[in-house]
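One rule links them: number in this note's numbering = place in the sequence shown (from 1) + 1266. From the three backbone atoms N, C-alpha and C, an ideal C-beta is built for every residue, glycine too.
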Amino acid sequence: MKLINPKYRTLKPTIEYLADEVVLTQAWKKTHNYIRAFNWYADTLELDVSALNIEDNVSEWKRQIIRNKLKPLEMVPAAKSETWVIDQDGWHPKSIDKREENPPIRPLAHMSIRDQTWASAAMLCLADAVESEQGNCSDKNQSFAQARSNKVYSYGNRLVCDWKSKDQAWFRWGNSDTYRKFFTDYQNFLKRPMELGRSVLNQASSSEEVYVVNLDLSKFYNTICRDLLIVRLKRISKKFGNPECTRFWEAFNRISDWKWEKHDLKLAADLKLGNVEQGLPQGLVSAGFFANAFLIEFDEKVGELIGRKLSPQSSIFVHDYCRYVDDLRLVISAKNLSVGSIRRALNRNINNLLKKHGGADLKLNNDKTKVTLFSDLDDSGSMSNRIEMAQGELSGPADRDVLDSVSGLLESFLDIEDIDLPPLKSSHNDSALLQIANYDHDIRPDTLKRFAANRLESIVRNKRRISNAGSGEELLAKKLITAWMKDPSLALVLRKAMEIHPEADLFEPVVEAIFSRSSYANSAKINDTITAQMMDYLLADIFRCGLDFILTFQKSIYPSSIKPNSVIDLIANYALAVIASANKSSKFVERQALMLLAATNKPVIKEKSNSTLQNELHIILAGAQSKFKYEHCALYEISAQMTGKFDIYAASLIKSMCDFDDVNKAKALDVFAKRGGLFWNAIWKQLKKRKTLHALTKKFDWAAPQSSAQPRAKKQLLSKVIHSDSNGFEFEHALIKLALSLLKATQQKSFGNTPILGATPAEIEIKLDAVTRWSELWRPSVKVAESKRKGSVSFKDPRYEFPEWIEKSSESKKVIYWIGIILRASVIGSADFTTNRWKQGDIVAYKGVKTSWFKRRMGMMHSPETLTGEYSKVTDWFSDLLIRCLQWPGFESTFVSDLDVRSIECLETFEFCLKKRLSYLNSLICNSSSLPALPTRVARPSKRNYLRVATVQQLLPMSSDFSVSDPELNNPVYRTKHREHLSSVCKLTLKTLESKAQAQGEKTKPFADLIVFAEVAVHIDDQDLIKRLADTTGAIIFAGLVFTNHEGKLVNVARWFIPDYRESGRQWVIRDQGKENMTQDELALGIIGYRPCQHILELHGYDEGPFRISGAICYDATDIKLAADLRNTTDLFVVVAHNQDVNTFDNMAAALQYHMYQHIVISNIGEFGGSTIQAPYKERYDRLISHAHGSKQISISTADIDLAAFTRKIKKYRAVKTKPAGVNR
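Next up, the structure:
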């Protein structure tokens, strides 16, 4: 059932869509997220301000887009790759003469968020047409050969799309992602010529040579003709079937008419950057999309060469072509031709195609064309293969040996340089010798170094967690600095060096070398303008790094000898020097300097004539009087974030509005009230203090922070229940009952009462049919007898107004949407139904304003973990229901997997779906244990008729490691010891599975379906190791966590880690299984029993499935009531244990496997041993599948078990025991 106004089903290039508030909001959301995550330069403060005021902004932008011109671009001259050396003249460019022809400066464009959003909105309107024309580049359902036959050539900057058919794309314009993941598509771009080249080589004659050719477009973005771009966009749109809207193209012409400031044009001329007035601005979020559209015709023409000779006269045969932005790859074969001849022929032919079908100014960078023998690339030692190997090792469970070996490989990447080989003629005596050195050009050296720096920093971070010593870190940082010195454009490499060893003494000469060459140096006049601009950009980047470091250093672990804040102080001192400098030409540097100084609490008040956002932030931080500007009110929350002084800056905000009347004060406070959070709580506190603001405060009663109070029995306002500690609506059973009651109330005649539709939780009164505890609404005996609207509130909560995209003419659609927002508010326990359960950290640092209520309403997450935390008292079915109810444009309900929820088309089918689900949940309830059971559907398509299970019996932690003073095992020394042991055990588990797969002749990567760790085996901060093991093996993992804090109480929990593989990538499904019954040792440590529900995993994808699995923690497994509850429900019962009495558990397993009539898996800690897998087969030797005897033993046991053995009607396999009485599976 589509709740959305039909106009939003598919966007088209018309003015109605371009100037639509919903479309502009989604365009802003994508733009905002992309700039923060990927842009080389970003004014994050401008993004913060836009986020808080987005509701008003899009209303204004909608009017302006029809008539207003763009604001001038601001140039940010970024450093491009250039070789530098150190010799007797110091540190300087190796060949300064080359700058004349090719200056190492990239003219980035900083543009306003409004102008960025307009261009993104145009992209949204054209996305389906342009992406459909390029074809589906995903490798999920097609081989590279199929992609070639489908005429798919473009891999870079592709939008995130669903494909309704082979050739029709639908852009997911309602989510926050814009482009597909870089690593996935770039890897496919590298793999495609290798896979297809291998096929060509197998069929080539002995006289043929197969080559992979790399070609590079010169100054790609700057040479795109905008007028021609519009012509090509119109042609693509028309071919797709879109109507031609003159007003859209008039507006597009205006919002793509980018112009630079006059002084930037002069700077570009001084830097010899060529004609920067044409082309696409580098820094425009949608530039990649428009650039792809511009080259579609060229891609098609090169694609027509596939299967043909390069030209009628040529002996070069083209087998494949693909492109990643400005990087082109060809697979060719040729007979008796030199590499030089091939290079010249390709340059000539491709340049001709570029001129004819690309644009007059598009051309290849001929010097970068590389022709490499395929055999040199298709080798385990090739760069792409080495990168893939390193990535594979690090993505799995990496122990110390792996980290050390991969470090050595990555460090070797830092020394790789481009070999500048001269193009010798084939007649030259040394041409054959030259070809020997001409190998392995599939990845550029600067790309390798960035990759290496990223991974090396990650390795160091992991090493610190298994060792307190910081040996080798300073040396590694020096190696990274050296690599950066050879190419100063590699700012990321320098940043990673700072993160690895943040010591001011090491980096002071580095920052001084940059500053002294910048335009801010006062010691001497800088004559080298290009170098000065490069260093200005590096300064800005370092200041941005310093801002990030304030947060990341507080989250990171460093040896006690390292003082990371010293680097921040060092960078801040240079920021002060920039502000004090007389040079005011590089505004972007000053903005970043001011942001860093603000975050380090060093406010600087500049002259009033220089009124930027950053200057206003400093005025507020300094406590100086500032004239209030509504559009800048986010600066007060930013000030509170940076200092942690929320009350002070909330009071400052209210004081700054003292001259406003209540109407204007209310307008300013409304955005904070809707956004909620710590700053709104502080504002509310200040409002309540001021009696003169009583009337104003009353207007915001709907947003008042709620405290928990015990609700009355039987009848109560819904808001009181959901804000209490007894909120039973956290359970799916209760939520369905509430939904049915609300649905019934909307269908009843009001008889003078106000209709319930549209009511807020503060207006809805809930009545139960009997006196019961509100926390036990899940029980089948408890029913929500009545829901009604009780009176009305003084000031209506604006968050509950129906959004403009819901079809107002359909009452049933409004009912379903309204029930959805009430259910979501109820499950998260907040009147703001757009928020979630994730707790805010207590780190004081700049985090930015990234969201608002208006944005969240069009981007809510509904996963069980988001709604109720990891204990997940609701299921994916409820998530699907919310997706169906709370649709927003561009997302709607396309990702609903449950067939019953998907079938909702009206109120009748809505009611039927709810009742059917409630009946199913009631059938699963563990009545003897008085426990709700919740199913989690897990899709695991499998051609195997067995389940591969591994039990992991590790040594640590031992019983003696726990103490009253440290029950969570947080002692730093022990933490490193425990983590190193766990990483080694995870690696051992992987090796065991590899050995099993090899011994059984399996061609696939090592796999398992289920891996079980012992009770309290994994510290919560080490779950990344478990996830890596799950990723590498594809396994579901059930692992006991070390005692952890849950809402102020220490609890014992075992966590299900479930990898969920989708088109968009792997997602994690987390389910926490609690423990109710405590042992004496646990009680002595202060552990509290907490088991809100019993989780049951439903494994779908097996021919004889689905199979159900459930688990328990040690002592809970001895509760015969739980076994009785699950015996007719599950096919496998898993127990994680830390149990000394092995004999008792052996007997328990033997008893349970028969009485539950299913497989029993017990994983005990290695201190005691006794891990076992048993099943009720007839023969004794079949019943004991595995058993690890002996204490203080590390043991990894694997078994392939047949879960259908005890439910299969025809017994084809091993004989089983007679079914015990009462088993109905």
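Cβ neighbours of residue i in the same chain (closer than 6 Å, five flanking residues each side left out)
i       : result
Leu1269 : Ile2072, Lys2079, Tyr2083 and Gln2153
Arg1783 : Thr1797 and Met1801
Asp2391 : Cys2192, Ser2194 and Ser2195
Val1759 : Lys1715, Ala1719, Leu1746, Ala1749 and Trp1750
Ile2500 : With the chain running from 1267 to 2491 in the structure shown, residue 2500 is simply not present.
Trp2040 : Pro1977, Val1987, Ser1992 and Gly1994
Phe2099 : Ile2087, Arg2090 and Ala2091
His1623 : Glu1563, Phe1564 and Lys1567
N- and C-terminal bounds of the beta strand (DSSP E) containing residue i
i       : result
Phe2323 : Lys2315 to Arg2328
Glu1903 : Counting along the chain, Glu1903 falls outside any beta strand (DSSP E), though it belongs to the alpha helix (DSSP H) covering Ala1900 to Thr1909.
Asp1593 : Asp1593 to Lys1601
Thr1383 : Thr1383 -> not in any beta strand (DSSP E); alpha helix (DSSP H) instead, spanning Ile1379 to Gln1400.
Tyr1590 : Phe1583 to Tyr1590
Pro1775 : Careful: Pro1775 lies outside any beta strand (DSSP E), inside the alpha helix (DSSP H) at Ala1770 to Ser1782.
Ser2229 : No beta strand (DSSP E) holds Ser2229; DSSP gives it neither H nor E.
Val2427 : His2425 to Ser2429
Asp1428 : Cys1427 to Ser1431
Thr2464 : Ser2461 to Ile2467
Contacting residues, own chain, Cβ-Cβ under 8 Å from residue i (five flanking each side not counted)
i       : result
Phe2279 : Val2218, Gln2220, Ile2292, Ile2303, Phe2304, Ala2305, Gly2306, Val2402 and Ser2429
Gln2419 : His2425, Ile2426, Gln2440, Ala2441, Pro2442 and Arg2449
Ala1237 : Here the chain covers residues 1267 to 2491 and nothing more, so residue 1237 does not appear.
Asp1644 : Met1460, Gly1463, Arg1464 and Leu1467
Beta-carbon gap between residue i and residue j smaller than 9 Å
i       : j       : result
Ile2375 : Phe2411 : no
Met1389 : Arg2150 : no
Ile1808 : Ala1757 : yes
Val2499 : His1298 : The structure shown has nothing for residue 2499, since the chain only spans 1267 to 2491.
Phe1781 : Ala1843 : yes
Asp1530 : Pro1369 : no
Leu1318 : Leu1883 : no
Val2489 : Arg2393 : yes
Thr1635 : Asn1488 : no
Val2506 : Ala1900 : A question about residue 2506 goes unanswered here, because the residues of the chain that appear run from 1267 up to 2491.
Val2081 : Leu2006 : no
Ala1559 : Ile1281 : no
Distance between beta carbons of residue j and residue i, contact taken as under 8 Å
i       : j       : result
Tyr1452 : Arg1589 : That belief does not hold up - the Cβ atoms of Tyr1452 and Arg1589 are roughly 12 Å apart, past 8 Å.
Asp1913 : Ala1890 : In fact, because the Cβ distance is near 19 Å, the residues do not count as touching under 8 Å.
Leu1630 : Asn1617 : 5 Å
Lys2010 : Leu2184 : Not really, about 14 Å apart at Cβ, beyond 8 Å.
Ala2378 : Leu2388 : 6 Å
Run of the alpha helix (DSSP H) containing residue i, from where it starts to where it stops
i       : result
Ile1920 : Phe1912 to Ser1922
Glu1340 : Glu1340 -> not in any alpha helix (DSSP H); beta strand (DSSP E) instead, spanning Glu1340 to Ala1345.
Lys1634 : First-last for Lys1634: undefined, no H or E at that position.
Gln1330 : Ile1320 to Gln1330
Arg1761 : Ala1757 to Ile1766
Lys2243 : Pro2238 to Ala2265
Cutoff 7 Å; reference residue i; Cβ partners in own chain excluding five residues on either side
i       : result
Leu2256 : Gly1662, Pro1663, Pro2272, Leu2295, Thr2298 and Thr2299
Lys1278 : Cys1391, Asn1508 and Pro1509
Glu2042 : Gly1994 and Val2048
Pro1547 : Leu1339, Ala1375, Met1377, Trp1524 and Ala1553
Ala1790 : In this prediction, Ala1790 has a pLDDT of 48, which is less than 50 and means its spatial position is unreliable; what the coordinates show is noted afterwards. Cβ within range, chain order: n/a, list empty.
Looking at C-beta atoms only, is the number of pairs between the region 2161-2170 and the region 2083-2095 that lie closer than 8 Å three or more?
-> no
Check whether the region 1532-1543 touches the region 1553-1567, counting contact only when three or more Cβ pairs, one atom from each stretch, lie closer than 8 Å.
-> no
Examine the Cβ distances between the region 1432-1448 and the region 1397-1404 and report whether three or more of them are shorter than 8 Å.
-> yes
Quick check: the region 2231-2248 against the region 2257-2264, are there 3 or more CB pairs under 8 Å?
-> no
Decide yes or no for the touch test of the region 2060-2069 against the region 1947-1963: beta carbon pairs closer than 8 Å, at least 3 of them.
-> no
Could you tell me whether the region 2339-2359 touches the region 2174-2188, using the rule of 3 or more Cβ pairs below 8 Å?
-> no
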